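To keep things clear, I will list the structure first and then write my remarks on it.
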Amino acid sequence: MAAVTVTTSSKAFSLSSAAPRFATPATPGRENLAAAIGKTAAILGFETTLGPGLMPWQHSINSTATELDEHGRFVYRQVVIEVMRQQGKTVDLLSMMIARALRRRGTMISYTAQNRLEARKRLLDVWWPRIQQSKLYPRYVDVRRGSGSEAYLFSNGSMLALVSSTQTSGHGDVLDLGVIDEAWAQEDDHLEQAMRPAMMTRDAQLWIVSAAGTERSAYFKAKVEDGRARAQLGLTDTGCYIGYSAADDEDPADPVTWRRRMPALGITVSEETVKADLDLMDLAEFRRAYLCQWPDVAKPGWETITQDAWAACAAPGARM
Amino acid sequence: MRGAWGADVSGEIAFGLAISDNCACHPDKARRHCSIVAAGRSGSGKILVDLAPFYDHPRGAVKRAAGLYESHSPVAMALDPKSQAATLKKPLMEAGIIVAELLVEDVAVAHGEFLDLVDDGGLEHLNQAAMTAAVRAGQQRRLAGALAWERRVPVDQSPLEAATVAVWAFRRWEEMSQPGVYAV
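Chain order of the listed sequences is A and B.
Every letter in the first sequence is one number past the one before it in our numbering, and letter 6, counting from 1, is 579.
Every letter in the second sequence is one number past the one before it in our numbering, and letter 35, counting from 1, is 100.
Printed below as a string of structure tokens:
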């Protein structure tokens with residue numbers, strides 16, 4: 574099996590023009606797994622107009638999120654990534670998970686998306702054909718398709734399996750990496766409650782990744798608020814947060830906003846596509862999914878009764 | 066809120082009661098506020114809704130409602146028994162207040178009538194901040210083939226829900242008090 578090497582943060586790719594609005598600062602001198610993850614992405618056949626492998630923003634978050642301490646242990650036990658849709662976060666997650674499985678024998682990884690069905694679809698229908706076409710198959714990884722026990726089985730004893738959104742049987746298992754993708758779909762922390770105890774004895778990480786959510790996305794909203802506060806304080810231990818989003822007062826229809834905030838714009842996503850989607854989508858949904866603005870910003874209100882209609886009914890001096 | 070609310074009320078009024086619900090983003094917001102909204106005809110002939118009677122923690126709602134019932138002899142004191150306000154029903158009845166309860170279809174009718182009143186310019190309000198905030202954040206939910214206010218949104222909906230219930234109760238009283246309505 575190919576050895577996976579680590580690199581220092583200084584070797585990470587430079588950022589594209591879109592920078593995260595809030596981010597845990599990178600710590601110079603700490604080693605990380607970004608190069609290994611990028612290499613895995615190239616092996617899996619991911620490529621953009623910039624070449625094979627990952628985009629600069631993906632390298633950047635991998636550099637910080639996988640920083641290692643002087644003992645070679647992960648600095649951050651929790652990684653929260655907030656990024657808009659179709660920017661390549663799932664490509665990055667797959668590359669990261671495969672790299673981690675190959676890096677250390679017996680690595681146990683649990684992955685989930687909006688629900689088990691969506692996660693299964695990604696594992697078996699979207700990702701597996703790509704893995705199958707790479708040089709990782711069949712020498713390094715195979716698949717188990719049995720309903721309820723779907724997993725990638727690695728020749729070094731590592732395993733990437735699915736977590737059910739209703740899982741409670743996580744208790745008692747050992748877990749090195751938990752990934753909650755599309756975390757906006759989780760209304761509470763039951764998945765984390767199932768996974769975290771299994772990580773206690775391990776050099777483990779929990780990755781929580783999503784675009785901004787809806788009014789019901791209490792779990793991810795809390796992670797984002799905590800992460801932004803940590804980032805603003807400049808904390809570089811325990812929890813890592815990197816978030817790409819538009820500020821509350823930025824014009825959602827202005828391409829300047831898109832260029833400033835969307836990390837994959839001009840690489841895998843074109844301005845023409847974003848403009849077309851803006852025209853076709855409900856504005857509040859566009860602001861949520863494409864600009865990572867939460868409902869308190871993206872939905873200014875007056876959806877049922879219009880502001881004009883309500884104002885027309887105002888009669889401040891009226892008496893019964 | 067004015068403690069002596071309604072000293073200048075001259076016409077018939079109905080009261081609607083509602084208690085705030087929570088939402089997923091703010092699970093701690095349930096039952097923080099109770100709204101008692103008065104509805105009646107204003108001098109212009111339109112239906113006026115007023116949140117001034119009570120907007121505070123639910124613990125003081127029954128006492129306030131009993132005082133309003135005594136001082137104003139409302140034509141109705143109404144609530145939705147399938148909402149957070151259901152807990153008020155028993156203590157209100159024990160306080161000697163006759164409570165008008167909305168059936169599911171009444172909730173749908175109340176919602177639709179309220180929207181129609183706003184659209185037709187038949188409603189008046191006093192620009193009260195909590196009421197306007199609730200209206201601004203108002204969303205709809207499906208209710209047995211119709212629509213009703215969605216209670217689980219980040220902004221307290223109890224003022225809007227109480228206003229809707231109050232208007233419904235007042236209009237039903239108006240219908241029933243028309244001359245000839247009981248003629249066979």
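Using N, Cα and C, we set each Cβ at its ideal position, and we do this for glycine too.
Computed from a prediction, not measured in an experiment: that's the story for all the values here.
- Annotated three-state conformation of Arg237(B) is helix, per DSSP.
- Under DSSP, Met681(A) takes part in a beta bridge, and its partners are Met732(A).
- Nearest to His644(A) by alpha-carbon distance, out of Arg834(A), Ala819(A) and Asp776(A), is Asp776(A).
- In the structure shown, Glu215(B) falls within a coil segment according to DSSP collapsed to helix, strand and coil.
- Here DSSP, grouped into helix, strand and coil, assigns Phe595(A) to strand.
- Remark: three or more beta-carbon pairs, one from each stretch, lie closer than 8 Å, so the segment 131–146 of chain B and the segment 229–238 of chain B are flagged as touching.
- The C-beta separation of Ile682(A) from Asp754(A) comes to about 12 Å, leaving the pair out of contact by the 8 Å criterion.
- The three-state reading of DSSP puts Asp869(A) in helix, counting H, G and I together.
- Using a Cβ distance threshold of 8 Å, Asn635(A) and Met669(A) count as a contacting pair.
- If the five residues before and after Val200(B) are omitted, its C-beta is found closer than 7 Å to the C-beta atoms of Leu225, all from its own chain and listed in chain order.
- Around Ala891(A), the beta-carbon contacts reaching into chain B at under 9 Å are Ser107, Gly108, Ser109, Lys111, Leu113, Asp115, Glu189, His190 and Leu191.
- Between the alpha carbons of Arg673(A) and Ala871(A) lies a distance of about 36 Å.
- Interface with chain A (8 Å Cβ-Cβ cutoff): Gln222(B) is excluded.
- Using a C-beta cut-off of 8 Å, the segment 637–655 of chain A makes contact with the segment 598–618 of chain A, since at least three inter-stretch Cβ pairs fall below that distance.
- A contact is defined here as three or more CB-CB pairs under 8 Å, and the segment 101–116 of chain B meets this definition with respect to the segment 174–191 of chain B.
- Rounded to whole angstroms, the Cβ separation of Leu764(A) and Val736(A) is 6 Å, and the two are in contact under 8 Å.
- For Gly800(A), the enclosing alpha helix (DSSP H) has its first and last residue at Ala791 to Leu806.
- Neighbours of Ala882(A) in chain B, taken as residues whose beta carbon is under 7 Å from its own, are Val183 and Asp184 in chain order.
- Rounded to the nearest angstrom, the gap between the Cα atoms of Val847(A) and Phe859(A) is 9 Å.
- Per DSSP, the unbroken alpha helix (DSSP H) holding Pro828(A) starts and ends at Pro828 to Arg834.
- Think of a sphere of 7 Å around the beta carbon of Ala175(B): no beta carbon from chain A falls inside it, the nearest being about 14 Å out.
- Put simply, the backbone Cα of Ala151(B) is about 27 Å away from that of Leu191(B).
- Listed by position along chain A, the residues whose Cβ is nearer than 9 Å to that of Gln205(B) are Glu876 and Thr877.
- Taking 4 residues as the shortest admissible run, the segment 107–174 of chain B contains the following complete alpha helix (DSSP H) segments, listed from N- to C-terminal end: 126–137 and 151–159.
- For the segment 863–875 of chain A, residues whose beta-carbon sits nearer than 9 Å to a beta-carbon of chain B comprise Trp867, Pro868, Asp869, Lys872, Pro873, Gly874 and Trp875.
- Rounded to the nearest angstrom, the gap between the Cα atoms of Asp86(B) and Gln631(A) is 41 Å.
- Gly76(B) belongs to the set of residues whose beta carbon lies under 8 Å from a beta carbon in chain A.
- In the three-state scheme derived from DSSP, where H, G and I count as helix and E and B as strand, Val699(A) is classed as helix.
- Put simply, the CB of Glu858(A) is far from chain B, with every gap to its CB atoms at 8 Å or more.
- Assignment of Leu82(B) by DSSP, reduced to helix, strand and coil, places it in the strand class.
- Ala819(A) and Leu864(A) have their C-alpha atoms some 5 Å from each other.
- DSSP places Arg689(A) in the uninterrupted alpha helix (DSSP H) bounded by Arg689 to Arg693.
- For Asp171(B), no Cβ of chain A is located within less than 8 Å of the residue's own Cβ.
- The shortest C-alpha to C-alpha distance from Pro825(A) to any of Thr774(A), Glu691(A) and Arg861(A) is the one to Arg861(A).
- Ala888(A) belongs to the set of residues whose beta carbon lies under 8 Å from a beta carbon in chain B.
- With its beta carbon less than 8 Å from one in chain B, Glu788(A) belongs to the interface.
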